[in-house]
Structures are given as C-alpha cells and as structure tokens.
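In the working numbering, the protein residues as written are 3 to 324.
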C-alpha cells in the first residue's frame, strides 16, 4: 500500500543532507529555481502594465496605480519561495522570513555598515555635491531635521517611488526571494552573478515607454537600455553580495535607496570642474577604500554565522566565510 507522503510533488521527499551534514540539492532543482525566478520577475514587471493609460510613467496617477500593483506582487512574492520550498522538498533550518533576510540578529550592523560602505564608494560624487551645494553644513542639518521637508518628500510620488517603494519591492523580489531559490542549485557566487540578470532584464521594460512616447531616437533608446541593463546588473550583483554576506534585507534596501538618490556618477561634470583634481582624487580614493573595506565591513561575523541563505549552499563559499 502506498503512503500518502509518497504522492507529494517533491523532487525529493527526504531531508537532503549528506552524512557529514552538508546540504545536497535534489535533481532538477535548478530548472525549478530558474523558472520560479523568471515567473516572479515577469509578475513584477507585468504588474506595471495591468493599468491602461496614455500618461507617462512619471505622472502621479500612473505612479499611484503602479504602487498598488507592485505592492501586491511584493506581498505575494514570499508565496513563490514557500511554493518552491514545498515542491522541491528543501527543508532549511532557518525560517522562511530569515531566509528572506527579515530577522533581528545583527540588525544594527546591517543597517549601518553596508550603507557606510556604499557611501565610501560614492566619496567622489559626495565631495562634488558638497563643493557645489550653496548650503552650509549646518543648513543641511537643519533641513534634514525639519519635519516639513520630510512631509514634502512623502507627498512627492516620484520621491516615494525612487527612495522607498522601488528599493523595498525590488530588493524583496529580486534579492530576498530569488537568492534563496538559486543558492541551493549553484554556489552563492554563481547565484550572486545570476540573480542580477533577472533584475537587469526587468528594467528593459523602460524601452517600451521611451519608444511609445518617442523620447529619443530608436538607436539612442536601445543604447540607453543596454547601458541601464549593464549598470543595474552590476548594482544587482553588489546588493546580492550584501544580502548573502549579511543575511539581511535592510542593507540592500538602504543601499538601493541611496544609489537611486545619487544617480550614476557625473564623471563628465567632474572632469570639467574647477576643482577637478581634488574631486577626481576623491573618486579614486573612494574606489580604493571600497575595495579594501568590501569584505571587512560585510564580514558575516557581525551579522550572525552562518547567514541563513548560506545554510542552503551545497559547497563551501568564500562569500559565506568570515
């Protein structure tokens, strides 16, 4: 007589651990993981187009509607991970929320250190902004502490999209949900490089709107799309690195928000600046310090060893080691 448990759709019904305690991925898990990530990415991008409108993407009405769509998809995204876990039979030690980087252990370092590391990388642009800013340091502090300033920001739909909703939902979907599904079928390093491809391709939908509203030539639009894909893929690899090393969602979200605020470094402006030697020196210094601090400031020792997503790795990885 066949037991009910034998009828489950799991790829492998037993715990997938070797005799020495290492995780052993089941056969076929990579296909399931990649297809799950692809479906999740399509759901996120597709949710932006469920509303019919002749208005551009920066119109407040369009932004509000898209907020509704992406927030619904993001709220449902953990269901993808849970379904993947049930279907594949992967039974991780950490909880589902912990795998997605939502946990308290190491939370304070996860808030401070990755953001500090990213600000070091942007040392040149930050110095350039400080030199060109008409405000003094104390003026900036007063503005930052002024509730009216933040009230104005919260009423600005584009600010909310760029600084809050996009960083939170994109990091949740493209990092916190996809990496736990990709790490078991590949090394953390491979997952870190694969995950951003979904993120980069997801940004190609901007081409549709640029062509629709004829915001430039066809060749110019596609060149911009290729550049954006490359930039977002590199950025996605960086936030995936932070997620794997820290095991927290908050770090990637804050870094994403900061990078959206800064934008791509204005190198051409820096080259023409009357203090270009100082600014370019800071650009170089920022990159060197970033490379020196990249592993020390993301040391898993600060965030609790091992980080939850690293427990799913089938082979040891330098990304998961202190």
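Ideal placement from N, C-alpha and C gives every residue a C-beta, glycine not left out.
Does the stretch 45–58 touch the stretch 138–154, meaning 3 or more C-beta pairs lie closer than 8 Å? Fewer than three beta-carbon pairs drawn from the stretch 138–154 and the stretch 45–58 are found closer than 8 Å, and the two stretches are therefore not classed as touching.
What's the call for residue 288, buried or exposed, on a 16-neighbour Cβ count within 10 Å? Buried is the call here.
Tell me whether residue 106 sits in a helix, a strand or coil according to DSSP, three-state version. Reduced to three states, the DSSP call for residue 106 is coil.
How big is the Cα-Cα spacing for residue 101 and residue 34? Straight-line measurement puts the Cα of residue 34 at about 18 Å from the Cα of residue 101.
Segment contact flag, the stretch 53–68 with the stretch 154–161, C-beta cutoff 8 Å, min 3 pairs: Look at the beta carbons and you see the stretch 53–68 touching the stretch 154–161: at least three pairs across the two are nearer than 8 Å.
Counted within 10 angstroms of its Cβ, other Cβ atoms place residue 315 as buried (16 or more) or exposed: Flag for residue 315 reads buried.
Using the Cα positions of residue 48 and residue 183, report the straight-line distance between them to the nearest angstrom. Here the C-alpha atom of residue 48 lies approximately 21 Å from the C-alpha atom of residue 183.
Would you please verify whether the beta carbon of residue 281 is less than 8 Å from any beta carbon of chain D? This model lacks chain D altogether; it includes just one protein chain.
Could you have a look at residue 169 and say whether DSSP puts it in helix, strand or coil? Three-state result, residue 169: helix.
Rounded Cβ spacing between residue 190 and residue 32 (contact assumed at less than 8 Å): In fact, because the Cβ distance is near 14 Å, the residues do not count as touching under 8 Å.
Which one of 307, 234, 299 and 296 has the shortest CA to CA distance from residue 196? Out of 307, 234, 299 and 296, 234 has the C-alpha closest to the C-alpha of residue 196.
With 16 other CB atoms within 10 Å as the buried threshold, where does residue 2 fall? Here the chain has residues from 3 to 324 only, and residue 2 is not among them.
Report the residue ranges of all alpha helix (DSSP H) runs contained in full by the stretch 97–154; include only those spanning at least 4 residues, in chain order. Complete alpha helix (DSSP H) runs here, min 4: 98–101, 109–123, 125–134 and 139–146.
Coil, strand or helix - residue 315 by DSSP: Three-state result, residue 315: coil.
Express the C-alpha separation of residue 173 and residue 306 in angstroms, rounding to a whole number. Straight-line Cα distance between these residues: approximately 21 Å.
Under 8 Å, do residue 247 and residue 171 count as touching if we go by C-beta distance? It is not a contact, given that the beta carbons lie outside the stated cut-off.
Got a sec? Which residues, its chain only, sit under 8 Å from residue 271 by beta carbon, not counting five neighbours each side? Contacts found: 130.
In angstroms with no decimal places, state the Cα-to-Cα distance between residue 261 and residue 166. Each residue's Cα considered, the two are about 12 Å apart.
Evaluate residue 110 with the Cβ neighbour count: other Cβ atoms within 10 Å of its Cβ, from every protein chain shown; 16 or more gives buried, anything less gives exposed. Exposed is the call here.
Whole angstroms are fine: how far does the CA of residue 73 sit from the CA of residue 67? Taking the straight line joining both Cα atoms gives about 10 Å.
Taking DSSP as the reference, what is the three-state secondary structure of residue 324? Note: residue 324 maps to coil in three-state DSSP.
My understanding is that residue 178 touches residue 103, with C-beta atoms under 8 Å, so please give their C-beta distance in whole angstroms. The Cβ separation is near 5 Å, so the contact holds.
If contacts are defined as beta-carbon pairs under 8 Å, then residue 245 and residue 291 qualify, I think. What distance do you get, rounded to the angstrom? About 22 Å separates the two Cβ atoms, so there is no contact after all.
Going by beta carbon distance, what residues of the same chain come within less than 7 Å of residue 163, once the five residues before and after it are set aside? Here the set comprises 65.
Would you mind working out which of 83, 311, 107 and 138 sits nearest residue 39, comparing C-alpha positions? Of the candidates 83, 311, 107 and 138, the one whose C-alpha sits nearest the C-alpha of residue 39 is 83.
With a threshold of 6 Å on Cβ separation, who are the neighbours of residue 275 within its own chain once the five nearest residues in sequence on each side are excluded? In its chain, beyond the 5 residues on either side, 281 have a beta carbon closer than 6 Å to the beta carbon of residue 275.
With residue 308 and residue 302 assumed to form a contact (beta carbons below 8 Å), what rounded beta-carbon distance in angstroms separates them? Right, their Cβ atoms sit about 7 Å apart.
Which class does residue 305 belong to by DSSP, given the choice of helix, strand or coil? Under the three-state reduction of DSSP, residue 305 is assigned to coil, being neither helix nor strand.
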